[in-house]
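So the structure is just underneath, and the comments pick up after that.
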Amino acid sequence: MKTNIKHIVRRTLLAAVLSIIAVPAQAYVGPGAGLSLLGALWALVAAIAAAVGFIVLWPIRKMMKRKAAEREASDKRTP
C-alpha cells in the first residue's frame, strides 16, 4: 500500500515539475478562435451558475408555494 502512495506522489510531483518547466508554444491565436473560446467559457460558466441557482432556489420556491396554499386554505375557512 505504501508503495502505491509513493508512486502516486512521485508521479504527481513529476507532473507538477514538468508543467512548471514547460516551454511556451509561441503560437498565434487569432481573434475568431479567441472569441470562440471566450464564448464557450461564458456558456460553461452560465450553465453552471444556472444549475446551482436552480438547486438553491428549488426549496425556496417550494416553501413559498406551500405558504401560499396554506394562506389560501385559511382564507377559505374564514367566512
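What the sequence shown shows, in mature numbering (1 follows the signal peptide of the UniProt record, and there is no 0), is residues -27 to -1, 1 to 52, in sequence order.
Idealized CB from N, CA, C, for every residue including glycine.
Computed from a prediction, not measured in an experiment: that's the story for all the values here.
Nearest-angstrom Cα separation, counted from residue j out to residue i
i, j, result
"G26", "L8", "26 Å"
"G5", "A46", "58 Å"
"L(-15)", "A24", "35 Å"
"V(-5)", "K38", "58 Å"
Residues near residue i by beta carbon distance below 8 Å, same chain, minus five either side
i, result
"K35", "none"
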